[in-house]
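Peer 1: Residue numbers (our numbering): 33 to 341.
Ideal Cβ placement from N, Cα and C applies to all residues, glycine included.
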Ligand code: NAP
């Protein structure tokens with residue numbers, strides 16, 4: 033029987049499905065270290081997620097590891113270079129979550145601009161009878177800048193047509209055949225944008241890509257939306273820009289040190305804060321589980337994962 037090391041718990045349904053079909057060692061339970069020491073030679077597959085990742089140190093401890101099968105798209109927490117160096121395959125679950133993550137990005141655009149969460153708090157806390165809210169920012173007809181026009185970025189762009197928005201984007205390279213305008217300079221894209229939506233991958237290559245200069249270019253009327261990874265935005269610079277009024281607002285699903293959210297962000301009225309729920313719908317999480325199982329099965333049957341990173 034294949035021996036699988038599962039790094040962290042996913043849904044109950046998933047954990048049961050795994051345990052029913054395979055011998056699973058649970059890395060998050062007590063005694064995991066001893067289990068690994070005892071079974072290191074037998075573990076040939078690691079199952080993990082974008083959140084739990086897989087370090088080079090762990091890979092090194094598993095001499096017969098052949099595949100890392102991950103739940104989610106982002107793989108910045110998996111040491112892919114260490115895996116590649118040993119010909120260990122790595123898979124993720126792309127595409128099946130594009131719609132839900134893009135829906136949430138659009139939800140954040142509308143919420144941040146139109147103050148939906150703030151207005152809800154205003155009603156619930158009984159403030160309505162004693163006054164009104166400040167006027168909000170219009171969404172329709174505005175300029176939408178996308179940082180990372182990949183699978184999710186493209187889906188966000190598609191959502192904008194119902195809002196009569198203009199779209200431009202910044203990637204390292206232009207997307208061949210794209211109908212959207214390419215901007216090779218991120219600062220120029222930020223200057224042009226009313227809303228700047230970040231949908232590129234996390235990791236070292238994009239760390240603090242959205243820095244003080246980009247935030248200043250977006251400006252006092254601009255709104256930043258981040259649904260990619262917290263590492264992409266210089267969080268202290270973001271907090272400073274918001275406090276000093278150099279940035280108009282922010283809608284965030286991800287943070288530099290999750291689940292820690294800076295108190296300064298919590299205190300600000302022009303910020304919408306979500307707890308990393310981009311793909312968290314019943315339908316999408318089920319589709320992600322199915323794709324993870326399909327990758328696992330493909331690897332066991334044919335020695336090759338379906339959606340390699
Ligand atoms: P994707 O299809 O690989 O698209 C990523 C895009 O980012 C590509 O167009 C790429 O173009 C661009 N990019 C990469 N490095 C860049 C850089 N340094 N500067 C500018 N653009 C850059 O990935 P995806 O499936 O759309 O997913 C994107 C990310 O969303 C994931 O990596 C994950 O971290 C995040 N995500 C978050 C949630 C959530 O719950 N909030 C859920 C799912 C995914 P070039 O290569 O040409 O630069």
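(1) Quick one: is residue 342 buried, meaning 16 or more other Cβ sit within 10 Å of its Cβ, or exposed?
(2) Who are the near neighbours of residue 184 in its chain, counting only those whose CB is closer than 7 Å to its CB and skipping five residues on each side?
(3) Does residue 50 pass the burial test, meaning 16 or more other C-beta atoms within 10 Å, or should it be called exposed?
(4) Between the segment 195-203 and the segment 219-236, are three or more C-beta pairs nearer than 8 Å?
(5) In whole angstroms, what is the alpha-carbon distance linking residue 235 and residue 66?
(6) Taking the straight line between their C-alpha atoms, what separation do you get for residue 333 and residue 123?
(7) Give, in chain order, every unbroken run of the alpha helix (DSSP H) that is at least 4 residues long and sits entirely within the segment 156-221.
(8) Counting only the same chain and skipping the five closest in sequence on each side, list residues whose C-beta sits under 7 Å from that of residue 172.
(9) Name the one or two DSSP bridge partners that residue 58 has.
(10) Considering Cα atoms alone, identify which of 40, 341, 278 is closest to residue 254.
(11) Give the C-beta separation of residue 283 and residue 141 to the nearest angstrom, bearing in mind that I take them to be a contact with Cβ-Cβ under 8 Å.
(12) Please confirm whether any heavy atom of the ligand NAP lies closer than 7 Å to the CB of residue 286.
(13) Please identify the residue among 168, 328, 59 whose C-alpha is closest to the C-alpha of residue 148.
(14) Taking just the CA atoms, how far does residue 163 sit from residue 40?
(15) Return the CA-CA distance between residue 170 and residue 188, expressed in angstroms with no decimal places.
(16) With C-beta atoms as the reference, is residue 303 less than 8 Å away from residue 274?
(17) Less than 8 Å between the CB atoms is what I'm expecting for residue 229 and residue 137, so what's the real figure, rounded?
(18) Does the distance from the C-beta atom of residue 263 to that of residue 244 stay below 8 Å?
(19) Just the C-alpha distance for residue 322 and residue 92, rounded to the nearest angstrom, thanks.
(20) Going by the beta-carbon positions, is the gap between residue 35 and residue 68 smaller than 8 Å?
(21) In the DSSP assignment, what residue or residues form a beta bridge with residue 99?
(22) Quick one: which unbroken beta strand (DSSP E) runs of 3-plus residues sit fully inside the segment 227-303? Chain order, please.
(23) Just tell me which of 175, 295, 179, 44 has its CA closest to the CA of residue 192.
(24) With a threshold of 7 Å on Cβ separation, who are the neighbours of residue 206 within its own chain once the five nearest residues in sequence on each side are excluded?
Peer 2: Here's the rundown:
(1) Residue 342 lies beyond the stretch modelled for the chain, which goes from 33 to 341, so this question has no answer here.
(2) Working through the chain shown from its first residue, we reach residue 184 at position 152. The residues are 130, 133, 134, 231.
(3) In the chain shown, residue 50 corresponds to position 18, counting from 1. Buried, by the Cβ-count rule.
(4) yes
(5) Here residue 235 refers to the residue found at position 203 of the chain shown. Here residue 66 refers to the residue found at position 34 of the chain shown. Whole-angstrom Cα-Cα distance: 31 Å.
(6) As a position in the chain shown, residue 333 is number 301, starting the count at 1. As a position in the chain shown, residue 123 is number 91, starting the count at 1. Cα to Cα, residue 333 sits roughly 15 Å from residue 123.
(7) 183-191
(8) As a position in the chain shown, residue 172 is number 140, starting the count at 1. Excluding residues within five positions, the ones whose Cβ falls inside 7 Å are 195, 196.
(9) Here residue 58 refers to the residue found at position 26 when the chain shown is read from its first residue. 38, per the DSSP bridge assignment.
(10) Numbered from 1 along the chain shown, position 222 holds the residue referred to as residue 254. Residue 278 is the option with its Cα nearest to residue 254.
(11) Position 251 of the chain shown holds residue 283. Position 109 of the chain shown holds residue 141. The Cβ separation is near 7 Å, so the contact holds.
(12) One-based indexing of the chain shown puts residue 286 at position 254. Indeed, a heavy atom of the ligand NAP lies less than 7 Å from the Cβ.
(13) The residue given as residue 148 occupies position 116 in the chain shown. Of 168, 328, 59, the residue nearest in Cα terms is 168.
(14) In the chain shown, the residue the question calls residue 40 occupies position 8. In the chain shown, the residue the question calls residue 163 occupies position 131. Between residue 40 and residue 163, the C-alpha separation is close to 48 Å.
(15) Residue 170 sits at position 138 when you count from the first residue of the chain shown. Residue 188 sits at position 156 when you count from the first residue of the chain shown. Spanning the two alpha carbons is a distance of roughly 18 Å.
(16) In the chain shown, counting from the first residue as 1, residue 303 sits at position 271. In the chain shown, counting from the first residue as 1, residue 274 sits at position 242. Yes; because the gap between Cβ atoms is below 8 Å, this pair is in contact.
(17) Against the chain shown, residue 229 aligns to sequence position 197. Against the chain shown, residue 137 aligns to sequence position 105. With 8 Å as the limit, residue 229 and residue 137 qualify as a contact, their Cβ atoms being about 6 Å apart.
(18) Along the chain shown, read from residue 1 onward, the residue named residue 263 stands at position 231. Along the chain shown, read from residue 1 onward, the residue named residue 244 stands at position 212. At the C-beta level, residue 263 and residue 244 stay beyond 8 Å of one another.
(19) Sequence index remark: in the chain shown, residue 322 carries index 290 (1-based). Sequence index remark: in the chain shown, residue 92 carries index 60 (1-based). If I take the Cα positions, the gap works out to 29 Å.
(20) Position 3 of the chain shown, counted from the first residue, corresponds to residue 35. Position 36 of the chain shown, counted from the first residue, corresponds to residue 68. No; because the gap between Cβ atoms is not below 8 Å, this pair is not in contact.
(21) As a first step, residue 99 must be located in the chain shown, where it is residue number 67. The bridge partners DSSP lists for residue 99 are 77, 121.
(22) Runs of the beta strand (DSSP E) lying entirely within the segment 227-303, each at least 3 residues long, are 227-230, 255-258, 281-284 in chain order.
(23) Against the chain shown, residue 192 aligns to sequence position 160. Per the Cα distances, 175.
(24) Taking the first residue of the chain shown as 1, we reach residue 206 at position 174. Only 214 meet the Cβ criterion.
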